[in-house]
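J.:
Number of protein chains: 2
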Amino acid sequence: MDFASFLTSLGTSLIIFVILMLLFTWLSGKPGNHEIYFPNRIFKGMEPSSRTRNPISWIKEAVSSSENDIIAVSGVDTAVYFCQEIIFNATANLLMLMFFFPAFSMMVLAGIVLLPSLLPLSITDHSITQNNTTSNGTFSELDKFSMGHIEQKSPRLWGHLIAVYWVSLVTYFLLWKAYKHVSEIRATALMSSEVRAEQFAVLVRDIPPPLEGETRKEQVNSYFKAIYPDTFYRSMVVTDNTKVNKIWEELEGYRKKLVRAETVYAQSKTIDKPEGIRPMNRIGFLGLCGKNVDTIEHCNEKINGLITKLETEQKVTLRDKQLSSALVFFSSRVAAASAAQNLHARMVDTWTVEDAPEPRQLIWSNLSLQFYMREVRKYIVYITVALMVVFYMIPITMISAFTTLGKLVKLMPFIKPVVNIAPIRTVLEAYLPQLALIIFLALLPKLLMFLTKLEGIPSESHAVRGASGKYFYFVVFNVFIGVTLSGTLFGNFKDLEKSSLTKIADLLGKGLPDNATFFLTYVALKFFVGYGLELSRLIPLIIFHLKKKYLCKTEAEVKEAWAPGDFGYATRVPGDLLILTITLCYSVIAPLILPFGAVYFGLGWLVLRNQALKVYVPSFESYGRMWPHMHARFLAALVLYQVTMIGYFTLKLFYFTPLLFPLLIFSLIFAVVCKKKFYGFFEHTALEVVCHELKESPNVERVYRSFVPPSLSSDKLDGDHYGDA
Amino acid sequence: MDFASFLTSLGTSLIIFVILMLLFTWLSGKPGNHEIYFPNRIFKGMEPSSRTRNPISWIKEAVSSSENDIIAVSGVDTAVYFCQEIIFNATANLLMLMFFFPAFSMMVLAGIVLLPSLLPLSITDHSITQNNTTSNGTFSELDKFSMGHIEQKSPRLWGHLIAVYWVSLVTYFLLWKAYKHVSEIRATALMSSEVRAEQFAVLVRDIPPPLEGETRKEQVNSYFKAIYPDTFYRSMVVTDNTKVNKIWEELEGYRKKLVRAETVYAQSKTIDKPEGIRPMNRIGFLGLCGKNVDTIEHCNEKINGLITKLETEQKVTLRDKQLSSALVFFSSRVAAASAAQNLHARMVDTWTVEDAPEPRQLIWSNLSLQFYMREVRKYIVYITVALMVVFYMIPITMISAFTTLGKLVKLMPFIKPVVNIAPIRTVLEAYLPQLALIIFLALLPKLLMFLTKLEGIPSESHAVRGASGKYFYFVVFNVFIGVTLSGTLFGNFKDLEKSSLTKIADLLGKGLPDNATFFLTYVALKFFVGYGLELSRLIPLIIFHLKKKYLCKTEAEVKEAWAPGDFGYATRVPGDLLILTITLCYSVIAPLILPFGAVYFGLGWLVLRNQALKVYVPSFESYGRMWPHMHARFLAALVLYQVTMIGYFTLKLFYFTPLLFPLLIFSLIFAVVCKKKFYGFFEHTALEVVCHELKESPNVERVYRSFVPPSLSSDKLDGDHYGDA
């Protein structure tokens with residue numbers, strides 16, 4: 003790619019972004035689109051749109067909103083996510099400032115008297131001829147700014163060496179500050195005087211079999227009453243809800259159908275035809291065959307039948323399908339927080355207790371998995387994911403092989419006539435493998451989430467953290483290292499056989515500079531097009547309008563159509579971390595990437611702040627437990643960067659390369675100290691935080707009820723009934 | 003060593019043992035020796051000796067004593083130690099049975115239909131000629147029984163392979179049972195209805211600086227009162243006691259001196275001289291120079307002066323020398339056990355809380371070491387010990403070089419005339435280096451204990467565990483692996499350069515069989531002479547009688563002279579583990595070692611049970627927290643054994659050697675499962691255990707007082723005074 007085409011691609015992206023932003027300004031002004039652009043506000047019962055028509059008013063709002071606004075509207079997790087954005091941006095900006103304005107950095111760190119600017123160092127080194135640049139002479143203008151332009155063994159490399167230290171120190175400092183800050187946010191949220199259901203409950207798993215003639219309920223109650231005579235409130239034994247859930251879903255389906263049929267019937271009562279047309283449907287397969295019945299009557303009939311069935315099943319479930327786990331409720335927050343940390347039984351694999359997640363994010367089906375089952379599953383999933391990360395090309399190749407036209411035709415003979423048309427055949431043959439790859443990549447987060455849930459994790463937020471971590475390793479390994487090494491790897495396959503740390507460092511050092519331009523473009527594309535689409539929400543808008551027009555009949559259906567979903571941390575965080583890894587790794591080799599990184603995180607902060615305030619509705623609150631994961635992966639990126647630099651300096655035959663090794667050791671110490679100091683509070687709730695007074699004395703009965711799953715709650719089955727079953 | 007000399011050495015050891023046992027029977031019958039042979043009984047206020055004069059009555063008593071007797075007399079730790087002895091013995095016995103009576107093992111494990119006896123397999127293999135045995139033909143009779151007698155690639159090796167599996171499985175099974183049993187002992191002790199001071203207290207360290215105008219005491223009280231409003235009782239801030247301790251010791255010294263002087267004076271009042279002789283002493287250096295004073299008057303004077311000084315210093319200490327740690331007392335066991343496990347502060351490096359040890363085993367000077375200081379010290383100590391283990395020869399060589407006669411004479415010219423006498427010179431020259439080695443080895447446990455205490459550990463029992471672990475690695479590495487490899491190592495030094503796991507396994511496999519006889523003799527010597535001396539207590543007896551005759555004047559001094567001390571787990575446990583490692587590693591290669599191992603642990607069980615019941619007085623009670631350490635090291639020995647066997651089978655060119663690798667993986671899984679299942683309860687106190695009712699409602703004030711160090715407790719300073727200072 004030469005300089006001109008780089009500029010072209012950058013320009014195109016910018017134009018797309020501007021168009022998308024203008025579209026956003028225009029579309030978000032229309033009241034009919036408010037459900038798409040301000041759903042979170044509508045949910046919170048606030049005024050959807052600001053009055054002004056100013057195209058940049060959203061930027062003003064985003065900038066002027068404080069962290070507390072974010073916490074109030076979108077929860078602690080989102081605020082923590084912004085901490086990430088801020089620290090990423092700060093890293094990029096601080097480094098950029100340092101590289102482009104050495105004077106500024108000298109002012110800031112007067113101690114380090116001479117922090118040489120790397121760009122002048124690179125540009126003024128004419129000892130390497132144009133033909134000899136790292137990108138094989140095709141991109142010489144940009145290469146001038148890179149470290150590849152510097153001669154081997156040149157003393158100018160000292161500047162770059164100091165820069166590596168500087169980047170690392172800045173990162174340590176910012177990470178430390180951020181961890182401290184996030185820890186404070188978490189503490190503030192946990193010590194809030196609001197009554198939060200999950201703060202009064204703990205989740206008990208691996209309950210041993212009850213004694214003869216004792217119900218689970220009695221067993222759990224007597225066990226906890228003995229230990230916490232004053233603070234134990236009551237318990238809720240987890241039941242096997244599969245059957246009752248199925249009935250309940252069927253019932254809900256018929257209820258929706260009934261409302262829809264009634265709406266349709268009401269709409270059909272025009273002035274001309276005051277009696278209207280009663281909607282009819284067939285009760286056979288997919289409504290295509292079978293007897294034709296009056297929908298309203300049919301639904302009412304079904305609903306009445308199902309309600310009786312549900313009530314019977316509820317009773318059976320509560321009585322006979324009790325499983326080996328329970329939720330236990332306490333009358334004070336301190337007692338619950340303390341119980342979640344204590345060892346209760348002698349054998350650690352029985353009566354395991356942990357913090358209860360929010361009711362809405364409980365994964366009921368995982369709650370009663372046994373201890374060793376969870377351990378075994380965990381390791382199986384880890385191994386599976388590790389194999390997937392390393393050998394992800396293999397299933398794709400298999401899918402590609404499977405999706406050749408010949409095989410498809412064999413499997414589905416009915417598509418043969420279509421395939422035989424020449425132009426369609428050509429297109430299909432060309433795109434089927436790529437399509438398979440794209441579909442696989444699109445399904446990957448879902449697959450990882452599925453695998454993570456298989457581990458037996460009890461809460462959604464924990465599953466999101468797990469899936470996010472797995473996805474991070476996947477993208478870093480395959481996108482970043484894959485792209486970097488692919489050329490080098492196949493060229494030097496023999497070298498790889500004796501692979502060792504220094505070998506890998508060498509390979510990274512060799513491969514990285516060649517791909518600087520690719521990643522520059524990648525980052526630019528990501529922020530211009532990615533954030534443009536994010537802000538303009540074109541696709542949800544189109545889908546919403548289509549649905550509203552052709553499918554939705556009732557209020558509830560319309561609401562469902564514009565429900566914005568949540569932030570999707572499972573893919574968003576790894577995506578950001580990938581950009582961060584790229585920016586970090588190139589920061590010294592090709593400092594030109596820094597402004598791109600800075601714009602990515604700056605723009606991201608702006609756009610996502612807008613989305614957090616107005617669009618996305620958080621689906622859970624984990625009080626910032628995502629942070630330690632981000633922190634660990636940020637550090638992993640830093641270590642990758644340090645290893646890469648060691649490789650690159652070795653390649654430049656710089657004698658003082660070993661001076662970089664202490665950095666690796668320091669990273670390790672930093673990681674250990676951070677973990678020792680901060681991590682405990684993210685794992686458990688510190689008691690000093692929850693011992694603060696509450697605004698009102700908590701209604702533990704209400705807390706208890708909020709945990710009853712909808713399929714088991716019923717007007718007839720009052721709390722006591724449920725409890726004593 | 004040939005067979006005859008082996009028998010001779012065995013016979014000599016046996017004769018020594020019999021003599022020592024007879025001596026014991028004779029000496030322990032004399033009432034004047036009761037303080038040496040029954041001190042624990044005397045302490046407990048029981049009848050010292052049993053009536054019978056039967057020489058084996060002690061064996062009867064030892065055998066008939068139950069585990070509960072041991073716990074009652076000597077505490078849980080001792081009972082756990084016997085669990086170790088039993089399981090070691092069971093391992094050895096089970097394996098022995100299996101090797102020598104295959105029929106028996108077949109009966110026991112009917113499932114494994116044909117567990118071939120290894121000895122017949124070895125003896126009947128005549129394919130290797132006598133000249134070709136592993137011990138270079140010098141020890142052919144014993145070699146016949148060993149695996150070295152079997153031809154390479156022989157299918158008979160299948161028998162040995164199965165034996166390796168059998169040994170491992172027996173070990174897993176016994177370890178599992180033992181861990182479960184120890185866990186029960188611990189639980190029973192912890193749930194006992196006696197009031198034990200340490201169960202009501204927790205140790206709080208790393209308290210942050212108090213606010214302006216707040217004392218430490220107020221800070222601690224308000225902090226814990228907020229979190230535990232109902233169960234918090236009071237707190238005791240740890241103070242810097244160095245100065246007050248010094249004064250107190252001086253005071254105690256003068257008090258002892260006074261009692262001694264009074265006794266001497268009373269004894270001097272014979273009928274002839276009813277006024278007696280008032281004892282006098284000089285008050286200068288070592289009582290050799292200075293003014294001659296009347297001792298009783300002088301002591302009284304000093305004591306009065308010191309009491310005033312002590313009181314002033316006590317007040318100053320309590321007011322001004324408060325440090326950043328405290329003991330916090332709760333009114334219930336559950337509250338204390340729960341508090342010790344909870345995270346209290348957001349930052350994990352402040353307000354760290356742990357179970358309080360017993361008052362008698364608190365290491366006061368370590369209590370207020372800061373968190374990071376402890377971490378840093380820990381790693382420094384670990385590295386130091388690791389270096390010591392690996393390079394222990396270096397300081398010894400240095401000491402040897404230093405202790406040549408020439409240098410000694412230079413340093414201490416006054417010994418010159420002695421050295422110049424020819425025979426003394428010869429002896430000194432020959433033995434000085436060895437003497438240095440012996441002194442170093444004798445000092446090693448003390449050195450390791452000193453290093454362990456430097457880590458900042460708060461309790462004696464924990465320090466003993468730490469020192470014991472370090473000593474284990476030292477003896478296994480230097481005695482076992484050192485002896486085994488020394489020949490092989492120096493011979494094949496070039497091979498070692500590319501050292502890897504298989505390489506080490508190879509080396510072990512090569513070296514082990516050559517040393518079988520050495521270790522046979524070693525084990526025999528250990529049990530015959532070691533346990534003979536242990537039982538007869540000759541050295542303490544002699545020392546006691548000498549002291550009683552020439553030094554002791556007062557009752558207290560006599561008591562001090564016969565105080566038996568405790569078990570000394572720090573060296574005893576690693577010693578046992580070394581023998582176990584040897585027995586395990588040779589169990590298949592030279593099964594003849596098994597009866598020796600069995601006798602070692604059987605005799606050990608008998609002798610030490612006698613000592614536990616009658617002699618040693620435990621100096622602390624840690625409720626069996628030693629066990630996980632023993633367990634881990636037992637497993638380490640097992641893994642070492644498995645690695646050795648892999649090496650040995652490789653050496654025999656047996657094709658199915660890889661079949662042994664699953665054992666290593668299984669050992670790993672076993673270790674992880676044991677840790678997950680059992681370890682938690684040894685780290686913390688399970689709440690279900692301590693929620694049992696107490697016999698009487700606890701007097702927490704008395705609990706509190708038991709923690710006041712003697713130098714700070716005083717009749718004048720009543721509890722409140724102390725508390726409110």
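Top to bottom, those sequences are chains Z and R. Here the numbering used here is used: position 665 in the first sequence is 667, and no number is missing along the way. Here the numbering used here is used: position 383 in the second sequence is 385, and no number is missing along the way. Every residue, glycine too, gets a C-beta built ideally from N, C-alpha and C.
Counting only runs of 3+ residues fully inside the stretch 348 to 393 of chain Z, write out the beta strand (DSSP E) ranges in chain order.
T.: 354 to 357
J.: Is it a yes or a no for the stretch 614 to 622 of chain R touching the stretch 71 to 79 of chain R, going by three-plus beta-carbon pairs under 8 Å?
T.: Yes, since at least three Cβ pairs between the stretch 614 to 622 of chain R and the stretch 71 to 79 of chain R fall closer than 8 Å, the two stretches touch.
J.: Count the other CB atoms, across all protein chains shown, that sit within 10 Å of the CB of residue 493 of chain Z; report buried if there are 16 or more and exposed otherwise.
T.: Confidence at residue 493 of chain Z is low in this model, with a pLDDT of 46, below 50, so the placement of that residue is unreliable and no value is reported for it.
J.: Going by DSSP, name the residue or residues bridged to residue 236 of chain Z.
T.: DSSP lists Z/331 as partners of residue 236 of chain Z.
J.: What is the rounded straight-line gap between the Cα of residue 599 of chain Z and the Cα of residue 8 of chain Z?
T.: 17 Å
J.: For residue 578 of chain Z, list the residues DSSP reports as bridge partners.
T.: Answer is none; residue 578 of chain Z lacks a bridge partner.
J.: I'd like the span of the beta strand (DSSP E) that includes residue 203 of chain Z, first residue to last.
T.: 203 to 207
J.: Is it buried or exposed for residue 282 of chain Z, if we count other Cβ within 10 angstroms and need 16 for buried?
T.: exposed
J.: Does residue 349 of chain R have its Cβ less than 8 Å from a Cβ in chain Z?
T.: yes
J.: Are the beta-carbon atoms of residue 706 of chain Z and residue 331 of chain Z separated by less than 8 Å?
T.: yes
J.: Among residues of its own chain, excluding the 5 on either side of residue 356 of chain R, which ones have a beta-carbon nearer than 6 Å to its beta-carbon?
T.: 205 and 342
J.: Please list, in chain order, all residues of the same chain as residue 270 of chain R whose beta carbon is under 7 Å from its beta carbon, the five residues on each side excluded.
T.: Annotation for residue 270 of chain R: 278 and 279 place their beta carbon closer than 7 Å to its own, counting only its chain and skipping 5 residues before and after.
J.: Strictly below 8 Å CB to CB, what residues from chain Z border residue 268 of chain R?
T.: The premise fails here: residue 268 of chain R is roughly 57 Å from chain Z at the closest Cβ pair, so nothing lies under 8 Å.
J.: With a Cβ-Cβ cutoff of 8 Å, do residue 678 of chain R and residue 350 of chain Z count as a contact?
T.: Judged by beta-carbon spacing, residue 350 of chain Z lies within the 8 Å limit of residue 678 of chain R, meaning their Cβ atoms are closer than that value.
J.: Could you check if residue 105 of chain R is buried or exposed, using at least 16 other CB atoms within 10 Å of its CB as the buried criterion?
T.: Interpretation of residue 105 of chain R is limited by its pLDDT of 33, a score under 50 that renders its predicted location unreliable; the figure taken from the coordinates is listed afterwards. Residue 105 of chain R is exposed by the Cβ-count criterion.
J.: Is the stretch 252 to 262 of chain Z close to the stretch 363 to 377 of chain R, with three or more CB pairs under 8 Å?
T.: no
J.: For residue 389 of chain R and residue 675 of chain Z, what's the separation of their Cα atoms in angstroms?
T.: Our two residues, residue 389 of chain R and residue 675 of chain Z, have alpha carbons roughly 25 Å apart in a direct line.
J.: Could you check whether residue 530 of chain Z and residue 16 of chain Z sit closer than 8 Å to each other, using their CB atoms as the reference points?
T.: yes
J.: Anyone know if the C-beta pair for residue 572 of chain R and residue 473 of chain R falls short of 8 Å?
T.: In terms of Cβ geometry, residue 572 of chain R and residue 473 of chain R form a close pair [threshold 8 Å].
J.: Does the structure place the stretch 541 to 552 of chain Z close enough to the stretch 245 to 252 of chain Z that three or more beta carbon pairs sit under 8 Å?
T.: no
J.: Would you kindly report the start and end of the unbroken alpha helix (DSSP H) that includes residue 322 of chain Z?
T.: 297 to 322
J.: Is the distance from the Cβ of residue 525 of chain Z to the Cβ of residue 602 of chain Z below 8 Å?
T.: yes
J.: Alpha carbon to alpha carbon, how far is residue 156 of chain R from residue 162 of chain R?
T.: 11 Å
J.: Just the Cα atoms here: how many angstroms apart are residue 446 of chain Z and residue 339 of chain Z?
T.: 36 Å
J.: Whole alpha helix (DSSP H) runs in the stretch 593 to 670 of chain Z with 4 or more residues, listed along the chain?
T.: Listed in chain order, the alpha helix (DSSP H) elements of length 4 or more contained wholly in the stretch 593 to 670 of chain Z are 595 to 616 and 629 to 653.
J.: Which residues of chain R have a Cβ atom closer than 9 Å to the Cβ of residue 672 of chain Z, listed in chain order?
T.: The contacting residues do not exist; residue 672 of chain Z stays about 13 Å from chain R at best.
J.: If we count Cβ pairs, one from each stretch, closer than 8 Å, do we get three or more for the stretch 161 to 175 of chain R versus the stretch 305 to 324 of chain R?
T.: no
J.: So, is residue 632 of chain R buried or exposed, given that buried needs 16 or more other C-beta atoms within 10 angstroms?
T.: buried
J.: Less than 8 Å between the CB atoms is what I'm expecting for residue 659 of chain Z and residue 648 of chain Z, so what's the real figure, rounded?
T.: 6 Å
J.: So residue 229 of chain Z contacts chain R; which residues on that side make the cut at Cβ distance below 7 Å?
T.: 336, 689, 690 and 693
J.: List, in chain order, every chain R residue whose beta-carbon is nearer than 9 Å to that of residue 471 of chain Z.
T.: In chain R, no part has a C-beta under 9 Å from the C-beta of residue 471 of chain Z; the shortest such distance is about 21 Å.
J.: So, are the CB atoms of residue 590 of chain Z and residue 166 of chain Z less than 8 Å apart?
T.: Contact: yes.
J.: Going by Cα to Cα distance, which pick from R/580, R/265, R/379 and R/641 is closest to residue 481 of chain R?
T.: Answer by Cα proximity: R/580.
J.: For the stretch 192 to 226 of chain Z, list every residue whose C-beta sits within 8 Å of some C-beta in chain R, in sequence order.
T.: 225
J.: Bridge partners for residue 241 of chain R per DSSP, in chain order?
T.: R/324
J.: What residues of chain Z sit near residue 189 of chain R, judged by a beta carbon separation below 9 Å?
T.: 348
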